[in-house]
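Inspection log for the structure reproduced underneath, given as structure tokens.
Chains as they are written, first to last, in my numbering: chain A, 1 to 256; chain B, 1001 to 1598; chain C, 2001 to 2218.
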């Protein structure tokens, strides 16, 4: 049977299997997207998504070119009676060219990453007016600790919000991660925020919300049996509502 | 035997009296028998690792559903009461799946099987430099494996802190609910390390000191080169792991605080030690497979490898660079961000030699005469899937982007593309290619092609969508993602993946059947069924004790395929040149002059 | 040269590293041992910089004079090892046996003294474990405030303990080589076994000199 006919039938069979299973399990098409979900809610989050897109384009182009070339070579140079392979050991010129191009691309991406990395991670770049919240991570809950009316932590008027992080919109916030037992990881998917909370260290992580709403807080580092239950909520209030919420919680704390 | 000569040699097959069954099959010092021992053990552990993966995917694909009745009875109530997998057992499953796959399946397959089988035969040696140490190196493995298996049966169950065993989680049963299991995990790996070190020092010594005359460094086949570089990585990385494991063992048992913050210990120190070993480790897991691919593609395309010298340089470069990238596993750990940036640069740079190798494999196929044999199909699949694994690595090499995808299924996708798409398909290429030399018979081509096609299909159906799970934000090592509202929509995709994994696992039955059936009923292969050039294929299949009737002499490199002046499209390394000087010189006095065809 | 002449020439493998297999193997093995001690010593260095308050001045807790003597013993054992090797290079069987025995005895003494030291230290509360750590300083019979912290003990015992284990294994191997020498296994033509155990022994000695410096003197 003709090579192309055989290959065509094989591919058709494979496609049938894939589509068949897809139909049976019925996932959402949007889950197959290679673009970051359209839910970003932080200032630098959009920059991260843009960087993702740039890398996606570059790797995508390389992927398409290399895989198609591979298929073309496999088909074009398959064994045929009477044709001999070409006796060639290589090409120094080709080596130099593709090494240089690869090197330039990857180093370019490295340097492109530096700006955003510094913005997010450099302790000196944490905005001076960032509102501090202590986040105590323990097996298996997130205890957001607020300073209370006196503005000082570790005083009697501190209060804790269990598993719910309340923050104001359009205001930088710095969360000081304090792990009490094992390593947890503070993951806010929609904010594109992730930072490990390591016992014995206090690790600051800052971000600024761009709109109000309720969002996800997750633990992203295996921390024991209840790791999968260690979820919470981030509630972004308008600045006025946040003040109200703060004051009412502070009043309660003082009453204690 | 004078100590002043460079090496000891025997000429001719070593005459032994007939060995007892025990000396021949159980406590053998013949590298080929040891390779078989490693092969059977490693395939058993590969099967176990695969079953553990199937259990993981059962939970993720059908959460809270009891296991099917025919396997439910295996698991006691401490693991899966009523067939429903418990969260603690799930944590053990993810830990032990990776542990068995990395340490008891892939490493023995790469180094133990192919290091033992290929190195002496490809360089023209009669056996390894230290045959008795070779035997010890094998037997340590089942001992360590037994300890690891035993950990399932102790109270508290098997280790559940991930194969990375991060501290402080792993330092105490107080955090995981696992006590003895964690200790046994450490003891097992400490013991296993000796197997790797002894094996590696054997391979290194053999390659350096026991090459046949004329086998200059740049006439060594790439599989041996890859195994040589891998052996150096093993020698230098495993002791680091052993040190760290011992310190963690002390934290767990005698109450030290190396990694426990309550005693001023540093959890990050564990990560640094582990990943300083861990990154060279992943190159240990892939370089040999690259070597196999570099043998199979030229041979079955009847064409010299494109850029032999670049391939060697790339192997060595990966070997060196692999030591300075470990921090990319720790970008989000709280490590100094400036240090993180240096790891971004080094990690990006290490993509370059891998890319060089990929282009060279493609260059080898270009204008080749490609025979669609099972080994070739697996080797080309390696290239195709390694491209995906490598490109996905670019995303996580960028530290800010890694903020989002660290500890998500994007990482799981990446690692499985390089370890399964890469290493496992490379191993399939190696097994199907060298099976005739090992057992004297060919594996069945029809079954081989069916196994290949179905494996390739189901593998990609299972693992490609994992990239998307990661992009949607699904975390790793998570017993029940439906606890998170934003992940609930991913359940159908998880089910799709799980079913694909079940089908992938079931497909391996074809391979197992082919493997076992062909031992008895496969077509007799003869010396050189693939018409390859290396010294290995000049011996009978299987080779006798001592391998070569007399020490071969090498006249040319291993990739002289389709030479225009020859009628045959291959040119074995030990064939003396014709009277005209077309392509090789004898090297009775080893010469380092450049020779056409080198 | 004709092909036939080439084919029958004495076939020897490629020269490689120009050392015989056992020696090459031992060098390679010692490289892996270097990495093992690197992980332990590296841990020590990192911890010492991160938490200097866990350490005291040299000599306050550890017995430097005794260990200095012990170090001298170990160096002597390297000398006796060299003498043993030199003896068999000359074919002197009796010399080989005598010097091997000397090396064994001195090596065993080293381990013994270290064991004694460990017992004394743990009696003074200097132990590796966090909970029971209570170092009160050399020769202090009274209870007092704890000197330094548990990382001091933990790193001390990890480094010196594994070194001591390597010395002990070395002594056992030396005993094996000694017994072999009594059986006449070595000669001017073949003293590979002696040379490689010598290499291992010198390595163990070198590691100790490094450890003694960074643990006892700094």
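Yeah, the Cβ is synthetic: ideal placement off N, Cα and C, and Gly gets one too.
- A straight-line Cα-Cα distance of about 11 Å links residue 246 of chain A and residue 151 of chain A.
- Rounded to the nearest whole angstrom, the C-alpha separation of residue 1566 of chain B and residue 87 of chain A is 11 Å.
- For chain C, the residues of the region 1193–1222 of chain B that bring a beta carbon within less than 9 Å of one of its beta carbons are 1197, 1198, 1200, 1201, 1202, 1204, 1205, 1206, 1207, 1208, 1209, 1210, 1211, 1212, 1213, 1214, 1215, 1216 and 1217, in chain order.
- It is roughly 17 Å from the alpha-carbon of residue 1162 of chain B to the alpha-carbon of residue 1105 of chain B.
- One finds 52, 55, 56 and 59 in chain A with Cβ atoms closer than 9 Å to the Cβ of residue 1395 of chain B, taken in chain order.
- For the region 2076–2161 of chain C, the full-length alpha helix (DSSP H) segments reaching 4 residues or more read 2093–2123 along the chain.
- Proximity of residue 2105 of chain C to chain B, defined by a Cβ-Cβ separation below 7 Å, is not satisfied.
- Between residue 1184 of chain B and residue 1175 of chain B, the C-beta spacing is not below 7 Å.
- Taking C-beta atoms under 8 Å as the contact rule, residue 2040 of chain C and residue 1257 of chain B fail to qualify, at a distance of about 16 Å.
- If you look at residue 168 of chain A, you'll find it in the beta strand (DSSP E) that goes 164–168.
- Residue 1322 of chain B is outside the set of residues whose beta carbon lies under 7 Å from a beta carbon in chain A.
- In the three-state DSSP reduction, residue 2205 of chain C falls in the helix class (H, G or I).
- When C-alpha distances from residue 1366 of chain B are compared across B:1311, B:1029, B:1121 and B:1305, the shortest belongs to B:1305.
- Within the region 1143–1211 of chain B, the runs of alpha helix (DSSP H) that reach at least 4 residues and sit entirely inside it are, in chain order, 1173–1176 and 1180–1209.
- Contact between residue 212 of chain A and residue 236 of chain A holds: their C-beta atoms lie close to 5 Å from each other, under 8 Å.
- Using a CB distance cut-off of 7 Å, residue 220 of chain A counts as an interface residue toward chain B.
- Not flagged as an interface residue toward chain B: residue 2167 of chain C, since no C-beta distance is shorter than 7 Å.
- Distance from the CA atom of residue 113 of chain A to the CA atom of residue 194 of chain A, rounded to whole angstroms, is 16 Å.
- By the rule that beta-carbons nearer than 7 Å mark a contact, residue 191 of chain A does not touch chain B.
- Within chain A, 66, 94, 95, 98, 99 and 102 have C-beta atoms less than 9 Å from the C-beta of residue 1359 of chain B, given in sequence order.
- For a Cβ distance threshold of 8 Å, residue set 2046, 2047 and 2050 of chain C lies close to residue 1266 of chain B, ordered along the chain.
- Under the 10 Å beta carbon count, residue 1485 of chain B is surrounded by fewer than 16 other beta carbons and is classified as exposed.
- Close partners of residue 1071 of chain B in chain C (Cβ separation under 8 Å) are lacking, with about 41 Å as the shortest Cβ gap.
- Ranked by how close their Cα comes to the Cα of residue 1187 of chain B, the residues B:1206, B:1144, B:1219 and B:1172 have B:1144 in first place.
- For residue 42 of chain A, no chain B residue has a Cβ inside 7 Å of its Cβ, as the nearest lies near 11 Å away.
- DSSP, reduced to helix, strand and coil, places residue 2192 of chain C within a helical segment of the structure shown.
- Around the Cβ of residue 2072 of chain C, a 10 Å sphere holds fewer than 16 other Cβ atoms; the residue is exposed.
- The C-alpha of residue 128 of chain A is placed about 18 Å away from the C-alpha of residue 210 of chain A.
- Between the region 1210–1224 of chain B and the region 1188–1195 of chain B, the count of C-beta pairs closer than 8 Å stays below three; the two stretches do not touch.
- Within the same chain, and ignoring the five residues on either side of residue 1539 of chain B in sequence, the residues whose Cβ sits closer than 7 Å to its Cβ are 1121, 1527, 1547 and 1548.
- In this structure the region 1374–1381 of chain B does not lie against the region 1306–1314 of chain B, because fewer than three pairs of beta carbons, one per stretch, are closer than 8 Å.
- Distances from the CA of residue 1398 of chain B to each of A:4, A:146 and A:52 were compared; the closest alpha carbon is that of A:52.
- Contacts with chain C (Cβ-Cβ distance below 9 Å) from the region 1255–1283 of chain B involve 1255, 1256, 1257, 1258, 1260, 1262, 1263, 1264, 1265, 1266, 1269, 1272, 1273, 1276 and 1277, listed in chain order.
- Residue nearest to residue 2103 of chain C within the set C:2154, C:2167 and C:2151 is C:2167 (criterion: CA-CA distance).
- Among the residues of chain A, those whose CB is under 9 Å from the CB of residue 1384 of chain B are 66, 67, 70 and 71, following chain order.
- Beta bridge pairing from DSSP links residue 2032 of chain C with no other residue.
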